[in-house]
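> The structure that follows is given in the form of structure tokens.
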Amino acid sequence: MNIFSNKQKQVIAMIHVPALPGTPANKLSVNNILDICLNEAEIYLSEGIKVLAIENMHDTPYLLRKVGPEIVSAMTIIGQSIKQKFNIPCGIQILAGANKEALAVAKAAGLDFIRAEGFVFAHVADEGIFQSDAGELLRYRKLINAEDICIYTDIKKKHSSHSITADTDIAETAKAAEFFNSDGVIITGIATGKSANVDELVSVRKSVKLPVIIGSGMTSENLPEYFNMADGFIVGSYFKKEGYWKNELDRERIKKFVASFEFLNS
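Under this note's numbering, the first residue of the sequence shown carries the number 109, and numbering increases by one thereafter.
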């Protein structure tokens with residue numbers, strides 16, 4: 109399901125799934141992790157959030173492009189449980205760039221979209237060199253009959269060097285994503301919690317007809333500045349205490365952001 113099909117702007121709230129089994133920081137069972145994720149989902153919904161996404165943010169250091177079956181199975185349980193209990197649009201990202209695995213989870217769990225990095229053009233991230241996977245990923249989506257699951261794609265993504273594509277600007281990168289059948293492009297700042305570049309947003313919005321999503325650095329304070337530049341806003345760190353992604357959710361921050369969004373959207 110394309111959450112932007114009705115032309116309504118969307119806030120996508122991130123659930124940063126605690127470290128999963130097999131990863132260095134893991135301390136909890138899958139059942140304990142699930143309880144935490146369900147509680148976060150309930151908090152978000154009670155404060156007016158209407159779209160969620162899950163992400164294995166705590167699984168540092170991330171693997172490049174592939175994760176094990178223990179991650180796929182745990183994320184499937186979490187995604188399916190959230191979807192069945194709350195019945196709202198929900199997506200998934202599996203770090204780092206495990207886009208086929210994310211799509212498989214989304215298909216099994218009944219989720220609506222994935223966030224995919226490395227969709228077009230190669231780049232160098234802290235996990236290593238990402239080769240683009242649009243052709244392979246869309247063929248896999250066709251193979252598993254998952255064409256109702258949208259693929260929203262990062263371009264010139266955060267935490268990465270783009271020197272090997274320095275002669276291709278972000279607008280051209282967005283055009284390539286559109287040509288390769290992306291369902292929406294995600295623009296970020298240079299790192300988690302860092303704001304997107306306004307000039308880049310304007311350029312991308314003029315260049316493609318796809319939904320444009322801001323993927324980092326959104327706050328209740330800067331939302332008015334960015335509101336008309338994007339169709340969607342992925343928010344994670346800001347919703348945590350002190351704005352730090354490892355902390356617990358802060359209801360007051362969520363309330364403040366939702367109030368600002370609803371005012372601007374009215």
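The C-beta atom is built at its ideal place from N, Cα and C for all residues, glycine as well.
Does the structure place the segment 291 to 311 close enough to the segment 184 to 192 that three or more beta carbon pairs sit under 8 Å?
Contact fails: fewer than three Cβ-Cβ distances are below 8 Å.
> Which first and last residues belong to the alpha helix (DSSP H) in which Gln-116 is found?
As a first step, residue 116 is located in the sequence shown; it is residue number 8 there, counting from the start. Counting along the chain, Gln-116 falls outside any alpha helix (DSSP H), and DSSP gives it neither H nor E.
> If Ile-321 and Gly-351 are in contact, beta carbons under 8 Å, what's the gap, nearest whole angstrom?
As a position in the sequence shown, residue 321 is number 213, starting the count at 1. As a position in the sequence shown, residue 351 is number 243, starting the count at 1. No, Ile-321 and Gly-351 are not in contact; Cβ-Cβ is about 20 Å, not under 8 Å.
> Using C-beta distances below 6 Å, list every residue in its chain close to Ala-161, excluding the 5 sequence neighbours before and after it, in chain order.
One-based indexing of the sequence shown puts residue 161 at position 53. Closer than 6 Å at the Cβ level, and outside the excluded window around Ala-161, lie Ile-120, Met-122 and Gly-199.
> Short of 7 Å in beta carbon distance, which residues of its chain neighbour Glu-255, apart from the five on each side in sequence? Order them along the chain.
Translated into positions along the sequence shown, residue 255 becomes position 147. Excluding residues within five positions, the ones whose Cβ falls inside 7 Å are Arg-249.
> Which parts of the segment 115 to 156 are runs of the beta strand (DSSP E), unbroken and 3 residues or longer, counting only runs that do not cross its ends?
Segments of the beta strand (DSSP E) lying fully in the segment 115 to 156: 118 to 124.
> Report buried or exposed for Glu-61, applying the criterion of at least 16 other Cβ atoms within 10 angstroms of its Cβ.
This structure cannot speak to residue 61, because the chain is shown only from 109 to 374.
> Considering only residues of the segment 157 to 228, which uninterrupted beta strand (DSSP E) runs meet the minimum length of 3 residues and lie entirely inside it, listed in chain order?
Qualifying beta strand (DSSP E) stretches, in chain order: 159 to 163, 198 to 201 and 221 to 224.
> Quick check: Ile-295 and Ile-259, are their CB atoms within less than 8 Å of each other?
Walking along the sequence shown from the start, residue 295 turns up at place 187. Walking along the sequence shown from the start, residue 259 turns up at place 151. The answer is no: Cβ separation not under 8 Å.
> My understanding is that Ile-257 touches Ala-214, with C-beta atoms under 8 Å, so please give their C-beta distance in whole angstroms.
Here residue 257 refers to the residue found at position 149 of the sequence shown. Here residue 214 refers to the residue found at position 106 of the sequence shown. Right, the Cβ-Cβ distance comes to about 5 Å (below 8 Å), so this counts as a contact.
> As an exercise, report each continuous alpha helix (DSSP H) stretch of at least 4 residues that is fully enclosed by the segment 276 to 330, in chain order.
Runs of the alpha helix (DSSP H) inside the segment 276 to 330: 278 to 287 and 306 to 315.
> Please look up how many angstroms separate the CB atoms of Leu-128 and Glu-178, rounded, as I've assumed it's under 8 Å.
Mapped onto the sequence shown, residue 128 falls at position 20. Mapped onto the sequence shown, residue 178 falls at position 70. Leu-128 to Glu-178, Cβ: 7 Å. Contact.
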